[in-house]
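Structure, as structure tokens:
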Amino acid sequence: MKAINSWGRLSHDDHLVLTLQDRTKVGTLIQEINPLKGIAHGMGRSYGDVSLNPNNPLWLTTSLDHFISFDEITGRLTCEAGVLLKDIQQYFIPRGWALPVTPGTQMVTVGGAIANDVHGKNHHLVGSFGDHVTRIELVRTTGEQIECGPQQNREWFLSTIGGLGLTGVISSAELQLRPIASPWLDTESIPYSNLTEFFHLSDSSEKDWEYTVSWVDCMSDSGRGIFMRANHSSSNKVSPPKKQSKRIPLVPPFSLVNSLTLRPFNLAYYTLNKLNAGKNLVHYEPFFYPLDKLLEWNRIYGPKGFFQYQSVVPRAVGQDASNAMLREIKKAGEGSFLAVLKTFGSRKSLGMLSFPEPGVTLALDFPNHGARTHKLFERLDAIVKEAKGRIYPAKDARMPRELFEAGYPKLNEFLQYRDPGISSSLSRRLMGS
Amino acid sequence: MNNQKRIAIIGATSAIAEQCARLWIKQDVTHLILIGRSRERVEVVAKDLLVRNPKVNVEIREANFLDPEAIVKTVSELFIKGPIDIALIAHGSLPDQSECQEDLTLCKETLDLNGVSPVLYAEAFAQHMSNLNQGTIAIIGSVAGDRGRKSNYVYGAAKGLINRYAQGLQHRFAGSKVQVTLIKPGPTATPMTAKMKGKFATAEEVASTITQGINQKKSVIYAPGKWWLIMMVIRHLPRFIFNKLNI
Chain A
550 MKAINSWGRL SHDDHLVLTL QDRTKVGTLI QEINPLKGIA HGMGRSYGDV
600 SLNPNNPLWL TTSLDHFISF DEITGRLTCE AGVLLKDIQQ YFIPRGWALP
650 VTPGTQMVTV GGAIANDVHG KNHHLVGSFG DHVTRIELVR TTGEQIECGP
700 QQNREWFLST IGGLGLTGVI SSAELQLRPI ASPWLDTESI PYSNLTEFFH
750 LSDSSEKDWE YTVSWVDCMS DSGRGIFMRA NHSSSNKVSP PKKQSKRIPL
800 VPPFSLVNSL TLRPFNLAYY TLNKLNAGKN LVHYEPFFYP LDKLLEWNRI
850 YGPKGFFQYQ SVVPRAVGQD ASNAMLREIK KAGEGSFLAV LKTFGSRKSL
900 GMLSFPEPGV TLALDFPNHG ARTHKLFERL DAIVKEAKGR IYPAKDARMP
950 RELFEAGYPK LNEFLQYRDP GISSSLSRRL MGS
Chain B
3 MNNQKRIAII GATSAIAEQC ARLWIKQDVT HLILIGRSRE RVEVVAKDLL
53 VRNPKVNVEI REANFLDPEA IVKTVSELFI KGPIDIALIA HGSLPDQSEC
103 QEDLTLCKET LDLNGVSPVL YAEAFAQHMS NLNQGTIAII GSVAGDRGRK
153 SNYVYGAAKG LINRYAQGLQ HRFAGSKVQV TLIKPGPTAT PMTAKMKGKF
203 ATAEEVASTI TQGINQKKSV IYAPGKWWLI MMVIRHLPRF IFNKLNI
């Protein structure tokens with residue numbers, strides 16, 4: 550037994566850790582634990598309990614880290630499920646190919662990216678991770694091995710993308726990479742002073758800018774923030790920046806994100822970015838993965854850990870709902886360093902349980918203050934529910950089951966594809982088993 | 003002219019060895035010969051390296067780890083095409099200590115695979131490298147070989163055998179152009195240790211210390227480096243204190 554936590558560091562329960570080492574033997578290993586039920590676990594970058602299973606088996610996928618083949622002409626990459634997005638970027642960007650979709654950290658596995666159908670700053674143009682998966686090898690505890698893709702065994706494909714690891718263990722996958730001219734991006738950052746301006750900027754940028762995202766100052770009255778947009782650059786003149794990463798060396802006794810630090814931090818962040826606003830040429834790593842430079846940054850929230858709250862609400866009510874949520878947060882005296890506001894495109898997600906849907910997504914982090922934090926979440930839930938929105942399971946550790954059911958209308962269809970030998974804390978909490 | 007570095011890796015599917023290979027193929031154009039007990043598993047490693055760097059030359063060999071004659075044959079065949087610049091001897095297994103105490107067959111297998119077998123491989127390489135007066139033999143021992151502890155002394159004894167052996171081999175090749183490097187990784191996060199408690203160095207970090215140390219022609223590499231200090235203290239603790247420790 551070994552104590553395992555996820556990125557939110559909310560729990561440190563013991564797990565029976567079993568390493569998947571050989572992709573041809575995944576089936577044997579995951580069947581051995583019967584009648585116990587397990588769940589696949591990669592880098593543990595999901596925030597809540599989607600990849601936790603206390604006192605029960607956890608199938609560690611990080612040793613399934615082999616590339617299998619790459620076609621230099623078509624850009625199709627086949628790899629094992631434990632390969633990190635970092636390795637894909639690092640090996641293929643110099644060769645002119647990149648991941649078409651990447652989340653805010655590259656320290657996640659391909660399997661995790663598929664199972665949570667992660668999205669990036671270019672969702673409005675290219676959709677989510679699952680849109681670029683061309684094949685999945687799924688291994689089930691029933692002994693079945695299912696190869697699925699957009700055309701082949703499509704129902705298994707649609708249930709496994711965003712399927713939270715519950716349809717089987719993904720042993721390998723084929724991805725379509727995209728050609729790029731250089732590792733650089735032409736970026737522009739623009740301060741905005743309220744959400745009306747944000748939506749205007751966002752709407753007017755969607756056509757000409759591949760990447761759009763914004764940081765919102767949730768301590769401000771107006772909802773000001775910094776809007777960032779970028780396109781891949783063709784410039785190849787500059788040498789890449791030196792890699793320097795720092796580590797948060799210990800878990801401080803209390804959260805460093807608190808009512809004393811938030812206001813000055815947000816003010817400083819806004820002011821500095823406002824001063825530095827304008828156009829820049831930025832390397833892909835600091836652009837896509839600003840937090841990867843600060844190793845174990847999740848420690849700053851102290852021993853009790855933190856929650857992420859990411860919702861998406863339809864565009865029509867997006868501005869009102871976002872404003873209402875920011876007001877509730879302010880009223881509760883809570884707040885967030887990493888408040889991110891972004892519009893999703895009109896493209897429908899493939900996965901039955903995929904999170905992205907057309908509308909506006911707001912992601913917030915909150916230090917765990919127990920009941921006080923949960924009270925705030927209840928008020929945010931009410932806003933999301935009224936707006937007919939949904940919450941992102943990959944980040945969730947607490948949403949009520951009825952909100953999950955309301956947010957994911959294809960849940961019943963999905964349940965037919967669950968693997969009977971797979972269960973997680975999240976599946977027991979939100980699906981009853 | 004062929005200025006490719008030829009590197010042979012015994013136990014190429016071990017997590018540390020594989021990470022070393024991934025680092026080596028990032029450097030100059032390299033010729034790697036991967037040797038393991040299961041052809042299929044070595045093939046997975048080889049294909050991965052070829053995707054990472056299509057310019058690299060990768061050969062694979064299936065080999066016996068325990069039969070002395072087979073070992074001599076495997077190593078001799080490697081030298082037919084030319085000298086080997088680096089031989090990394092990396093195979094091993096980490097069994098549960100209490101099981102070794104109860105099951106003497108497992109105990110013997112542990113001693114053979116982690117101690118005798120690497121020594122036989124090193125000796126086979128030493129013969130060829132001695133004749134050519136060139137090459138590096140890098141053997142993966144362990145900090146567990148520095149002082150016997152109740153939690154893993156059977157494995158530790160096998161690794162301790164490697165310690166003494168490498169010391170002797172270094173003595174033999176002193177003044178020659180054959181380099182012998184003993185590598186002592188601390189606990190490393192590998193499939194071998196996935197069930198163990200504690201936070202370990204990653205195989206990638208350990209491999210980076212190893213490949214740098216081999217480049218610098220170090221005699222002993224602790225990986226990560228801090229284990230030199232830790233083991234210095236542990237080796238010198240008086241027995242009456244050491245025996246009270248639960249390590």
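Sequence lines, in order, name chains A and B.
According to my numbering, the first sequence holds residues 550 to 982 in order.
According to my numbering, the second sequence holds residues 3 to 249 in order.
Note that CB positions come from ideal geometry on N, CA and C, so glycine has one too.
### Query
How would you list, in chain order, the residues of chain B whose beta-carbon sits under 7 angstroms from the beta-carbon of L609 (chain A)?
A196
### As assigned by DSSP and simplified to three states, the class of H781 (chain A)
strand
### Query
Quick one, which residues of the stretch 821 to 848 of chain A are near chain B if we go by CB-CB under 8 angstroms, in chain order?
none
### Query
Under a CB-based cut-off of 8 angstroms, is V566 (chain A) close to chain B?
yes
### Message
Measuring only the C-alpha atoms, how far is V776 (chain A) from P740 (chain A)?
### Response
Checking the displayed sequence, the identity of residue 776 (chain A) turns out to be Phe instead of Val. Computed Cα separation, rounded: 6 angstroms.
### Query
When DSSP labels each residue in this structure, what does F242 (chain B) get in the three-state scheme?
helix
### Message
Does chain A have any CB closer than 8 angstroms to the CB of K201 (chain B)?
### Response
no
### Query
Can you tell which of A:A936, A:M592 and A:A873 has the C-alpha that lies nearest to the C-alpha of A955 (chain A)?
A:A936
### Task
Under 7 angstroms between beta-carbons, which chain B residues line up against Y640 (chain A)? List them in chain order, please.
R54
### Residues from the stretch 27 to 50 of chain B in contact with chain A, defined by Cβ distance under 8 angstroms
E42, R43, V46, V47, K49 and D50
### Message
Quick check: H590 (chain A) and L565 (chain A), are their CB atoms within less than 8 angstroms of each other?
### Response
no
### Query
From S618 (chain A) to L626 (chain A), what does the alpha carbon distance come to, in whole angstroms?
6 angstroms
### Task
Note down the Cα distance separating I637 (chain A) from S871 (chain A), rounded to an integer number of angstroms.
35 angstroms
### Task
Kindly give me the distance between the Cβ atoms of L36 (chain B) and A48 (chain B), rounded to whole angstroms, as I take these residues to be in contact under 8 angstroms.
6 angstroms
### Message
For I249 (chain B), count the other beta carbons within 10 Å of its own beta carbon; 16 or more makes it buried, fewer makes it exposed. Which is it?
### Response
exposed
### Query
Is the CB of I553 (chain A) under 8 angstroms away from at least one CB in chain B?
no
#### Entry: Interface partners of Q570 (chain A) on chain B, CB under 7 angstroms
P193
### Message
Please identify the residue among A:I579, A:Y596, A:I849 and A:L578 whose C-alpha is closest to the C-alpha of P802 (chain A).
### Response
A:I849
### Query
Taking just the CA atoms, how far does T138 (chain B) sit from M3 (chain B)?
The pLDDT assigned to M3 (chain B) is 37, lower than 50, so where the model puts this residue is not dependable, and the model offers no usable value.
### Query
Out of curiosity, what's the CA-to-CA distance linking T183 (chain B) and Y858 (chain A)?
52 angstroms
### Query
Does any C-beta atom of chain B lie closer than 8 angstroms to the C-beta of H590 (chain A)?
no
### Query
Quick one, which of A:R967, A:M874, A:A943 and A:K897 has its alpha-carbon nearest D930 (chain A)'s?
A:M874
### Query
Between V156 (chain B) and T112 (chain B), is the Cβ-Cβ spacing less than 8 angstroms?
yes
### Where the alpha helix (DSSP H) through V765 (chain A) begins and ends
Not the alpha helix (DSSP H): V765 (chain A) falls in the beta strand (DSSP E), residues Y760 to V765.
### Task
For H615 (chain A), go through chain B and note every residue whose CB falls closer than 8 angstroms to its CB, in chain order.
V46, V47, K49 and D50
### Query
DSSP on G908 (chain A), reduced to helix/strand/coil?
strand
### Task
Using 10 angstroms around the beta-carbon of G170 (chain B), count the other beta-carbons present and answer buried if the total reaches 16, otherwise exposed.
exposed
### Task
For the alpha helix (DSSP H) holding E525 (chain A), just list the boundary residues, first then last.
Residue 525 (chain A) lies beyond the stretch modelled for chain A, which goes from 550 to 982, so this question has no answer here.
### Stretch pair the stretch 21 to 32 of chain B + the stretch 741 to 748 of chain A: three plus CB contacts closer than 8 angstroms
no
### Message
Less than 8 angstroms between CB atoms is the rule here; does S794 (chain A) satisfy it with respect to chain B?
### Response
no
#### Entry: Contacting residues, own chain, Cβ-Cβ under 6 angstroms from K959 (chain A) (five flanking each side not counted)
M901
### Query
For V861 (chain A) versus F904 (chain A), is the C-beta spacing smaller than 8 angstroms?
yes
### Query
Taking all protein chains shown into account, do 16 or more other C-beta atoms lie within 10 angstroms of the C-beta of V787 (chain A), making it buried, or fewer, making it exposed?
exposed
### Task
Give the straight-line distance between the Cα atoms of I142 (chain B) and Q21 (chain B), rounded to the nearest whole angstrom.
13 angstroms
### Query
How about M3 (chain B): is its C-beta nearer than 8 angstroms to some C-beta of chain A?
Only weak support exists for where M3 (chain B) lies, its pLDDT of 37 falling under 50; the value from the coordinates is given anyway. So, not an interface residue.
#### Entry: Helix, strand or coil at D945 (chain A) [DSSP, three-state]
coil
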